Structure formats: C-alpha cells, structure tokens
Amino acid sequence: MQQQKPLEGAQLVIMTIALSLATFMQVLDSTIANVAIPTIAGNLGSSLSQGTWVITSFGVANAISIPITGWLAKRVGEVKLFLWSTTAFAIAS
Numbered sequence: 003m004q005q006q007k008p009l010e011g012a013q014l015v016i017m018t019i020a021l022s023l024a025t026f027m028q029v030l031d032s033t034i035a036n037v038a039i040p041t042i043a044g045n046l047g048s049s050l051s052q053g054t055w056v057i058t059s060f061g062v063a064n065a066i067s068i069p070i071t072g073w074l075a076k077r078v079g080e081v082k083l084f085l086w087s088t089t090a091f092a093i094a095s
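Our numbering numbers the first residue of the sequence shown as 3 and each following residue consecutively.
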C-alpha cells in the first residue's frame with residue numbers, strides 16, 4: 003500500500019473547507035427540526051408530542067446508519083462514500 007504525503011497549501015485549505023461545510027450541513031439538519039417542529043405541528047393540526055416523533059425518528063435513523071457507514075467505508079472507500087453521501091444529502095435536502 004502506498005503512503006500518501008499530507009495535503010499542503012491550497013489542497014489543505016479546500017479539503018478543510020469541504021469537510022467543515024459537510025459537518026455544518028449535518029449539524030444544521032439535525033438541529034433545525036427542533037426549531038421547526040412547533041410551527042410544523044401547529045400548522046398541521048397535530049400536537050407537540052406527535053411532532054416530537056419526527057425528532058425521535060431522525061435520531062433513531064441516525065443511530066442505525068452509524069454502523070452501516072463504517073461497513074460501507076470499508077467496502078467502498080472513505081472518500082467515495084463521503085462524496086456520494088454529501089451529494090445525496092444535497093439532492094435530498
């Protein structure tokens with residue numbers, strides 16, 4: 003297996019920005035539901051406790067996907083999985 007040299011200069015800056023934006027998008031997506039649930043539940047005529055199930059479902063789906071992500075990273079590769087996941091997230095959002 004070839005050992006790669008560390009990123010330097012512009013490559014390091016671009017990679018740092020890309021990873022920071024992906025992390026920001028994930029955190030924003032997971033926290034925005036908490037802010038929006040009262041309004042969404044009110045507009046749909048459901049109770050706040052029913053709206054809370056959306057947040058719970060999101061957390062359960064996230065917990066289930068973490069082990070699968072490790073398995074996929076070994077099968078596909080970390081970089082490809084990151085690019086596919088980020089692209090799918092952007093399209094689905």
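Every residue, glycine too, gets a C-beta built ideally from N, C-alpha and C. These figures come from a predicted structure and were not determined experimentally.
Where residue i falls: helix, strand or coil (DSSP)
{"i": "K82", "result": "helix"}
{"i": "K76", "result": "helix"}
{"i": "P40", "result": "helix"}
{"i": "P8", "result": "coil"}
{"i": "S59", "result": "helix"}
{"i": "G47", "result": "coil"}
{"i": "S95", "result": "coil"}
Any non-hydrogen atom of the ligand PLP within 7 Å of residue i CB
{"i": "V81", "result": "With respect to small molecules bound, the structure shown includes none, and the ligand PLP cannot be examined in it."}
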